[in-house]
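In full-length UniProt numbering, the protein residues as written are 1 to 530. Take a look at the structure below.
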């Protein structure tokens, strides 16, 4: 059966061998190879070259964990059983038909960078879109909604590739901070925040059209004037849910000078925690000035340690950044807090991105995430801002590490698009992530305990703080108790109708995807009707 299917996809079927296999007893055991695997385990590019490995260790379920010791299990477990390295739409269509005929779980995988586990599945057969890298630049794109430069890109194009190509042409394309994320796949379909988010809106706001393969085996165009419902849903309503993206076309903007800053300060022998918190509280108050200026700030902090890495200001200069950050610097000086500050300017966006984002920011499999969008209204009164500060302090004092992005992708900044981006994004001032460290050599039960804390303590406090907001569909708590409201809001009912229209046999599944609650995962990993 599998040999016949392999022939139908031109010999591109891959049988999964977990990449942690050399770390376990057996014919493939190798201490040297295992050391290399362990050294690269938190490197995104290491996992994206695999057709099966997930970049979020939770979803591997320690099936073949390189840190658990040579005597521990090494099974396929929650990894897909097979993958097809697709290079033509016919490969996708053949895989869909085969999965449907034999009642096999179907998975869409690009880089494996999914925090919610949608790019893997026990017993599954996946299409692997990672090697679909073709692009076409269009100097004079004309449609009913846009006239200008655009780029058409296949589903496997990464953030780094599109940044490099745009830079070579004196252009900017809205993509994420992490360069290895599958930009033309799940990033844009899930909405997509960006260093340019307070300037140009969400990644999904840039969409002009898509080529989509439906689960019934049709190759269709989706745009504001063709298959409008499918276009609307796939523009922010989640990847791998309504159809399989083959390519997309998005806007490109003229490049511009950018500038930014890296700032860090710590508590210590000469700086009390009380003073440190006073400085952090001042930062909490100040971020609207950044987003109002079209900028974004990325901050990481745990008790006694704060790092802004970076503050990013499009269409600015070093002098502009210095003026912008000076109030915070003045506060640090008044408190007697030593700090490290670097300010730089660059001729274009890509140079700024390369210069300002530390590579260690993009390590994978090192944290367990929660998350909530914090609305601008929290900054409109001293009482609500005080509640925010209190919630943050409680988390940090309970050992949370905060990853905090100040970004304001309003609908106006995004060009007033009609799409399925969560409406709460349009009111957001922050996307805020309480995290706990993933411990490589700990038993899985520790990760489960930490997920429970994130869901029922940290995120519960954020839900109480901002009950009418939501959470980012690509980053957040995979065990969000009300995922329909949190990730989709008022869009959910319409998205479900579109899901049922375009995926009538429910081949596309994700636990927090639209329609995901119709299924439950059995102890052996199989999907069963709920």
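Where is the CB? At the ideal position from N, CA and C, for every residue including glycine.
Assigned with DSSP and collapsed to three states, residue 201 falls in coil, not helix or strand. DSSP places residue 404 in the strand class (E or B) of the three-state scheme. Taking a C-beta distance under 8 Å as the contact criterion, residue 505 and residue 215 qualify as a contact pair.
The Cβ neighbour count for residue 226, taken over all protein chains shown within 10 Å, is under 16; the residue is labelled exposed. In this structure, residue 130 sits away from residue 103, with a CB-CB distance that is not shorter than 8 Å.
Bounds of the alpha helix (DSSP H) holding residue 502 are 492 to 502. Between the stretch 436 to 452 and the stretch 267 to 276, the count of Cβ pairs shorter than 8 Å is below three; the stretches do not touch. The stretch 112 to 121 makes no contact with the stretch 160 to 171: fewer than 3 CB pairs, one atom from each, lie closer than 8 Å. Taking a contact to require three or more Cβ pairs closer than 8 Å, the stretch 323 to 340 and the stretch 257 to 264 qualify as touching.
The Cβ atoms of residue 62 and residue 444 lie closer than 8 Å to each other.
Pairing residue 488 with residue 98, the inter-Cα distance amounts to about 31 Å.
Here residue 247 is bridged, per DSSP, to 154 and 211.
Look at residue 134 here: in three-state DSSP terms it is coil, with no helix or strand label.
Under the three-state reduction of DSSP, residue 288 is assigned to helix. Around the C-beta of residue 528, fewer than 16 other C-beta atoms lie within 10 Å, and the residue is accordingly described as exposed. With a minimum length of 3 residues, the unbroken runs of beta strand (DSSP E) contained wholly in the stretch 368 to 398 fall at 372 to 375. According to the DSSP secondary-structure assignment, residue 451 is paired through a beta bridge with no residue. Apart from the 5 residues on each side of it in sequence, residue 473 sits with its Cβ closer than 7 Å to the Cβ of 190, 191, 238, 422 and 487 in its chain, given in chain order. In this structure, the beta-carbon distance from residue 19 to residue 45 does not fall below 8 Å. By the neighbour-count criterion, in which 16 or more other beta carbons inside 10 Å mark a residue as buried, residue 230 falls on the buried side.
For the 8 Å CB-CB criterion, residue 181 and residue 127 do not form a contact. Inter-segment contact for the stretch 422 to 434 and the stretch 310 to 326 is absent: fewer than three beta-carbon pairs are separated by less than 8 Å. For residue 480, same chain residues with a beta-carbon under 6 Å away, outside a window of 5 residues either side, are 486 in chain order. Contact between residue 408 and residue 380 does not hold, since the beta-carbon distance rounds to 14 Å and is not under 8 Å. Below 8 Å, enough C-beta pairs join the stretch 242 to 262 and the stretch 345 to 364 to call them touching: three or more. Excluding the 5 residues flanking it on each side, residue 395 has same chain C-beta neighbours closer than 6 Å at 434 and 458, in chain order. One Cα belongs to residue 412, the other to residue 48, and the distance between them is close to 35 Å.
For residue 383, the closest C-alpha among the options 518, 465, 174 and 323 is that of 465.
Apart from the 5 residues on each side of it in sequence, residue 145 sits with its Cβ closer than 6 Å to the Cβ of 224 in its chain, given in chain order.
Within the same chain, 396, 399, 400, 401 and 402 come within 8 Å of residue 302 by CB-CB distance, once the 5 residues on both sides are set aside.
In the assembly as shown, residue 132 is a buried residue. Its beta-carbon has 16 or more other beta-carbons within 10 Å. Burial is judged here by how many other beta carbons sit within 10 angstroms of a residue's own beta carbon; residue 170 has fewer than 16 and is exposed. In this structure, residue 137 and residue 151 form a Cβ contact; the two beta carbons are roughly 5 Å apart against a cut-off of 8 Å. Under the 8 Å Cβ criterion, the stretch 283 to 299 counts as touching the stretch 197 to 215, having at least three qualifying pairs. With fewer than 16 other CB atoms across the displayed protein chains lying within 10 angstroms of its CB, residue 28 is exposed.
If you ignore the 5 residues before and after residue 195, its C-beta comes within less than 6 Å of the C-beta of 177, 296 and 312, all in its own chain and listed in chain order.
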